[in-house]
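Have a look at the structure below before the remarks.
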């Protein structure tokens, strides 16, 4: 495995939300492979336990912490578990998210609430629970990273993805604003916007027409991004010298670019 500065991740304490699958799972495995202690946060405890076992079998350290990012009390309790086991976190990856496209005139207020509560509210709850840890790490002269996984949908319009795109645009704007608050105090804030990526998000779509359209995009592009591609970018971003902040990264399949 090539280093390229990845050795700077060794000994760090990382928190990854959405770690039960997709980009979150891949990111957790990648950070652990480079020597970070990784706290795995998601709702699906069984998947987290399985992932923690795989990371341990590969020689890494991982802690499975079942938590619901939409519930601030659950996130606060998770943060305490992380601190008890590993100490204060110095690297936080907000990867939890849901994508539920439908026309706005379908009136799917249930989906709107779920996306807003997870994609934006969940990120805020995690930031609130770990911000003191990140600021303390930076004050000690150590690297401190907050990574928010947004989407190309934050600024590229896709029909029937209005609410999803709005939540991701809000997350991108939140990242930019937090950079002005945290950057002067030494905390790097990075916003990652992946394009078409092969994860389980598409399987949550309950609109057959839109599900087929997404499948058509994968067929048309031929090679989408993988979760590992995004994980590799996150590992690279957080392993730069502490004075270097890769602030905004858009990553697309070459044929989508």
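In this note's numbering, the protein residues as written are 11 to 267. We treat Cβ as the ideally placed atom computed from N, Cα and C, and that holds for glycine.
Assigned secondary structure, residue i (DSSP; H/G/I helix, E/B strand, else coil)
| i | result |
| --- | --- |
| residue 206 | coil |
| residue 108 | coil |
| residue 72 | strand |
| residue 254 | coil |
| residue 54 | coil |
| residue 242 | helix |
| residue 248 | helix |
| residue 80 | coil |
| residue 218 | helix |
| residue 117 | coil |
| residue 18 | helix |
| residue 264 | coil |
| residue 87 | helix |
| residue 276 | It is not possible to answer for residue 276, since the shown part of the chain is limited to 11 through 267. |
| residue 29 | coil |
Residue burial classification, residue i (beta-carbon count within 10 angstroms, cutoff 16)
| i | result |
| --- | --- |
| residue 135 | buried |
| residue 191 | exposed |
| residue 100 | buried |
| residue 129 | buried |
| residue 117 | exposed |
| residue 214 | exposed |
| residue 44 | buried |
| residue 56 | exposed |
| residue 70 | buried |
| residue 40 | buried |
| residue 11 | Here the model assigns residue 11 a pLDDT of 42, short of 50, so the residue's position is not dependable, and the following value carries that caveat. Under this definition residue 11 is an exposed residue. |
Bridge-paired residues (DSSP) for residue i
| i | result |
| --- | --- |
| residue 236 | 208 |
| residue 259 | 202 |
| residue 59 | Looking at the DSSP assignment, residue 59 forms no beta bridge with any residue, so it has no partner. |
| residue 24 | 48 and 101 |
Requested in this report: Counting only runs of 4+ residues fully inside the region 124-207, write out the alpha helix (DSSP H) ranges in chain order.
Outcome: Those alpha helix (DSSP H) runs which fall completely within the region 124-207 and span 4+ residues are 133-149 and 172-192.
Query - Three-pair Cβ contact test at 8 Å for the region 59-77 versus the region 13-22 - result: Result no; under three Cβ-Cβ pairs closer than 8 Å.
Query raised in the report: Is there contact between the region 242-257 and the region 188-206, where contact requires at least three CB pairs shorter than 8 Å?
Result: With the cut-off at 8 Å, the region 242-257 and the region 188-206 touch.
Report task. For the region 30-49 and the region 172-181, state whether three or more C-beta atom pairs, one from each stretch, are separated by less than 8 Å. Result -> Output reads no: the region 172-181 does not touch the region 30-49.
**Report entry** Touching by the beta-carbon criterion (3+ pairs, under 8 Å), the region 79-92 and the region 147-163
**Finding:** By the C-beta criterion, the region 79-92 is judged not to be in contact with the region 147-163, since fewer than 3 inter-stretch pairs fall below 8 Å.
**Report entry** the region 21-33 contacting the region 104-118, beta-carbon criterion three pairs below 8 Å
**Finding:** These segments touch.
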